[in-house]
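Novice: Chains as they are written, first to last, in the working numbering: chain S, 39 to 515; chain U, -5 to 448.
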């Protein structure tokens, strides 16, 4: 289907220096059961194209869901008009922008495609899971659901390049809210567990089998004391590490932020171009990779949306900042090496620098060792609150679940756990990194950025990590 | 030279889109079997987007999208599928009719939906207001000329936004509005910038020029050495844009019927009577005063307004169709979060706000708010853009960014000193998935204390 659209456009493409067409077809389904009631099932069949035209030294784009010959021709004309009208006022010249090369294909591996699972079977599973969540009178709301999508894309150019890809996302989730008087507490599972693949990933995550634990913990939190407010050592489990990596490493390393493109919306960065190669971002234990090749992670792909081949790169090597997250256009503007991360959320948005899979590399400690070496501390898991300044420096994050650590052992549960710090110094307090066996793959389908706005899926894998002397506090009381 | 204003062409294009959508609905009607009902929705836009950085064009282009959502109902069961569409021609009709077949198959696997509710009354409406929008390329040329020498970064968005609804009961409703939204910042250095916005339905270049001049006047203050504050409590003035973000957090379940009934909203303690807001706080969902359609996705006409908080006490909630069925209420909104939030004005003339503030923070914008404690409606966030340190009613220095962490019951309760007489109409600049139609009408707020923590 996408080939036919590309050929249709080729026949009506405008006369110009160069054009590319990115066609995207996505099928998605979201099923949710709340309090035993099947919510409206959302299915979608998205289909559209993004046309980019280079002319007179300028670049313009036009996206359309009108895929007949006249609709495609109109998009080509509109893109050409924008290229010409902004050629003299463009920040980036046509010559600085990448032009995809060659012909290639990439397909995400899948064992059990979500499309093959009968919807009745899924509803039965979710309904049973939902019933397991309602195991206490204090549970006042509860639900279980699954979202999945399959995206096919084809990037073609006037030069004859053609890159076809198929990616897949699957995200099971469940949650329970417990209430007593003016206090409500929620425990959830899966908000950060998006993966690439099919139903085999759901089985690997084991989400449905954890419903009773999730409900029990929501009720436990109601009776728990508020998190104490003091400086202490902090152990973050992989789920919360996902958020910590995302906000205070991923976003500040995005090269388009460093170049100022995002200053009006998502923000700038405390990182400047001169820091690469020498700046100490964290302790020696911190090594961070950009790895679009870990196929179970949600942002794995063969090529980015500008056609650059994706490969693993280290961004932080034993604590030292070495490489930003920037696609070919940003690399040309900044004169820095980068990564294949020019990505668009859909056919209707142009590619910009995004995270893909951004991982903390494993260390040597078991989780038990990380905890055993804490005299006075706290273990936190499952993000529920995130806030960070527009330079990605001063942050405050909150979790659903926490247990105190006393003399090397896990102690009581506390509620409303929060912690805050400064990115530029926080990672230097990292003094323990879990081993490969403790590494977990997570991912979020909803990272927001860009003008016009784009929401995209990103993957993060990490072991548990320990940070020393962090400011920890609780709720309003 | 001023930018050319276009008007007739978009109105005719919108009318053609409406007619094409209604023809698609007629085709679906013709394909129904006995006992089947449907709701067909359209969401679309014809937009131009121009992204700017360093006073130059970073990315420029256009997006034309039509999204159809077809809900088929039979025997108390309901299934929905959405798809992108072209211009309402034969291929769209064939695609839509093909989806009907798929929905029939899916319905057989779904149980009856006890919370399903949609209108079976025929609603007829057509609102096409193309506005007086400029040619976007000409407008950008003028902006770049007027901003000469400024480090300007931001986004231009303009064009028509469409919403449509047609049902088997005979509803044929259409809504097209043309808006422009220029959302930008002028930077001094680092993170020091003046945030500006000019949005509306009728373009006036002199307004843009005036706002750029105002930014130029403020920039010298940002050149001063920033004031670094220690954590603690400070007097503060919250400009309407900052208040918009705080109320946006409250809107994250705070006015939702479902969230209230499931005791998961952030205003839980207000609704329980354990907390109160200041008597000057009156909040209303002003459907009639907003840009969003007057009909809901379920085919109900929205009331002109819905009182949410009156004189500091809860007055009502936003009830979507499913909640209406679940809790035996009357639907009054499309989504259970405000789309057109209006806050009553106070009695503080804005021109005297600096003087009344005396010494403290002038908070123009806040950023990245979230809950520290949702049940207590305790919100944290950062100061951003041109937040200033004020001494004796005079701007002294820009503020080095600070984190606040405080409850809405303190900020708009015990610590609220005054709301301004003047209010600002803030039009949503958000474009996730498509251009939004949200807006709010808000005053500024003078607070005796805001807690800064980092």
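In this text, a Cβ means the ideal position worked out from N, Cα and C, and glycines have one as well.
List the residues of chain S whose Cβ lies closer than 7 Å to the Cβ of residue 243 of chain U, in chain order.
Specialist: Near residue 243 of chain U there are no residues of chain S at all, since even the closest Cβ is about 11 Å away, more than 7 Å.
Novice: Please name the residue, chosen from U/33, U/188, U/21, U/14, that lies closest to residue 76 of chain U on a Cα-to-Cα basis.
Specialist: Looking at the Cα atoms, U/33 is the closest of the given residues.
Novice: Mind reading off the beta-carbon distance from residue 401 of chain U to residue 370 of chain U? Whole number of angstroms is fine, and I expect it under 8 Å.
Specialist: Residue 401 of chain U to residue 370 of chain U, Cβ: 6 Å. Contact.
Novice: What span of residues does the beta strand (DSSP E) with residue 178 of chain U cover, start to end?
Specialist: 166 to 181 is the extent of the beta strand (DSSP E) around residue 178 of chain U.
Novice: Determine the chain S residues that contact residue 262 of chain U at a beta-carbon separation under 7 Å, and present them in chain order.
Specialist: Ordered by position in chain S, the residues that pass the 7 Å Cβ test against residue 262 of chain U are 220, 222.
Novice: If you draw a straight line from the C-alpha of residue 140 of chain S to the C-alpha of residue 193 of chain S, how long is it?
Specialist: Going by the C-alpha atoms only, they are around 11 Å apart.
Novice: Check the Cβ-Cβ distances between residue 60 of chain U and every residue of chain S, and say whether any is below 8 Å.
Specialist: True, the Cβ-Cβ gap to chain S drops below 8 Å.
Novice: Would residue 138 of chain U count as contacting chain S if we go by Cβ distances under 8 Å?
Specialist: Chain S contact via Cβ: present.
Novice: Counting beta carbon pairs with one atom in the segment 254 to 266 of chain U and one in the segment 281 to 292 of chain U, are three or more of them shorter than 8 Å?
Specialist: Judged by Cβ distances under 8 Å, the segment 281 to 292 of chain U makes no contact with the segment 254 to 266 of chain U, as fewer than three pairs qualify.
Novice: So what's residue 106 of chain S in DSSP terms, helix, strand or just coil?
Specialist: Of the three classes helix, strand and coil, the one that applies to residue 106 of chain S here is coil, per DSSP.
Novice: Mind listing the chain S neighbours of residue 228 of chain U? Cutoff is C-beta to C-beta under 8 Å, in chain order.
Specialist: Those within 8 Å of residue 228 of chain U in chain S number zero; the least Cβ separation is about 17 Å.
Novice: For residue 42 of chain U, I'd like the list of residues in its chain whose CB is within less than 6 Å of its CB, leaving aside the five on either flank, ordered along the chain.
Specialist: Answer for residue 42 of chain U: 56, 130, 152, 153, listed in chain order.
Novice: In its own chain, which residues sit with a C-beta less than 6 Å from the C-beta of residue 216 of chain S, not counting the 5 before and 5 after it?
Specialist: 176, 177, 223, 256, 257, 260.
Novice: Residues of the segment 74 to 108 of chain S with a CB closer than 7 Å to any CB of chain U: list them in chain order, please.
Specialist: Against chain U - using a Cβ distance shorter than 7 Å - the residues of the segment 74 to 108 of chain S are 75, 76, 78, 79, 80, 81, 82, 83, 84, 85, 86, 98, 99, 100, 101, 102, 103, 104, 105, 106.
Novice: Rounded to whole angstroms, what's the CA-CA distance from residue 13 of chain U to residue 293 of chain U? Just pull it up for me.
Specialist: Cα-Cα distance, rounded: 18 Å.
Novice: Return the bridge partner residues of residue 373 of chain U from the DSSP annotation.
Specialist: In the DSSP output, where bridge partners are listed per residue, residue 373 of chain U has U/365, U/400.
Novice: Output yes if chain U places a C-beta closer than 8 Å to the C-beta of residue 271 of chain S; else output no.
Specialist: Not one chain U Cβ lies under 8 Å of residue 271 of chain S.
Novice: Grab me the residues of residue 298 of chain U's own chain with a C-beta within less than 7 Å of its C-beta, minus the 5 sequence neighbours each way, in chain order.
Specialist: So the qualifying residues of the chain are 281, 282.
Novice: Taking C-beta to C-beta, are residue 86 of chain S and residue 78 of chain U nearer than 8 Å?
Specialist: In this structure, residue 78 of chain U lies closer than 8 Å to residue 86 of chain S by Cβ.
Novice: Take residue 290 of chain S and list the residues in its own chain whose beta-carbon comes closer than 7 Å to its own, dropping the five residues that flank it on each side.
Specialist: Once the five neighbours on either side are set aside, the close Cβ partners of residue 290 of chain S are 307, 308, 309, 430, 461.
Novice: So residue 253 of chain S and residue 173 of chain S are in contact, right, with Cβ under 8 Å, and what is the actual spacing, rounded?
Specialist: That pair is a contact at about 5 Å.
Novice: Do residue 170 of chain U and residue 8 of chain U have their beta-carbon atoms positioned less than 8 Å apart in this structure?
Specialist: In contact: residue 8 of chain U and residue 170 of chain U (Cβ atoms closer than 8 Å).
Novice: Just to confirm my understanding: we take residue 278 of chain S, look at its own chain, exclude 5 residues before and 5 after, and list those with CB closer than 8 Å. What are they?
Specialist: If we look at residue 278 of chain S and ignore the five residues flanking it on each side, its Cβ neighbours are 418, 419, 420, 421, 435, 437.
Novice: Check whether the Cβ of residue 171 of chain S lies closer than 8 Å to any Cβ atom in chain U.
Specialist: So, not an interface residue.
Novice: Are the C-beta atoms of residue 431 of chain U and some chain S residue less than 8 Å apart?
Specialist: No - not a single Cβ of chain S is within 8 Å of the one on residue 431 of chain U.
Novice: On the CB-based measure, 16 or more other CB atoms within 10 Å of its CB, does residue 195 of chain S come out buried or exposed?
Specialist: Buried, by the Cβ-count rule.
Novice: Just reading off the alpha helix (DSSP H) that residue 214 of chain U is part of, what are its end residues?
Specialist: Looking at the DSSP string, the run of the alpha helix (DSSP H) that includes residue 214 of chain U is 199 to 216.
Novice: If I measure Cβ to Cβ from residue 71 of chain S and keep anything under 6 Å in the same chain, skipping five residues before and after, which residues do I get?
Specialist: These residues qualify, in order along the chain: 164, 165, 168, 182.
Novice: Taking only three categories from DSSP, how would you classify residue 399 of chain S?
Specialist: Coil.
Novice: Of the residues S/311, S/159, S/393, which one's Cα is nearest the Cα of residue 350 of chain S?
Specialist: Answer by Cα proximity: S/393.
Novice: Restricting to Cα atoms, I'd like to know which of U/223, U/127, U/254, U/146 is closest to residue 193 of chain U.
Specialist: When only C-alpha atoms are compared, the closest one is U/127.
Novice: Checking contacts by CB at 8 Å: is residue 231 of chain U closer than that to chain S?
Specialist: Chain S contact via Cβ: absent.
Novice: Going along the chain, which unbroken runs of the beta strand (DSSP E) with 3 or more residues stay wholly within the segment 66 to 154 of chain U?
Specialist: DSSP runs (the beta strand (DSSP E)) wholly in the segment 66 to 154 of chain U: 71 to 79, 118 to 123.
Novice: Short check: CB of residue 486 of chain S to CB of residue 230 of chain S, under 8 Å?
Specialist: No. Outside cutoff.
Novice: Mapping DSSP to helix, strand and coil, what is residue 120 of chain S?
Specialist: In the structure shown, residue 120 of chain S sits in a helix (DSSP, three-state: H, G or I).
Novice: Quick one: Cα of residue 317 of chain U to Cα of residue 77 of chain S, how far?
Specialist: When rounded, the distance between both Cα atoms is 12 Å.
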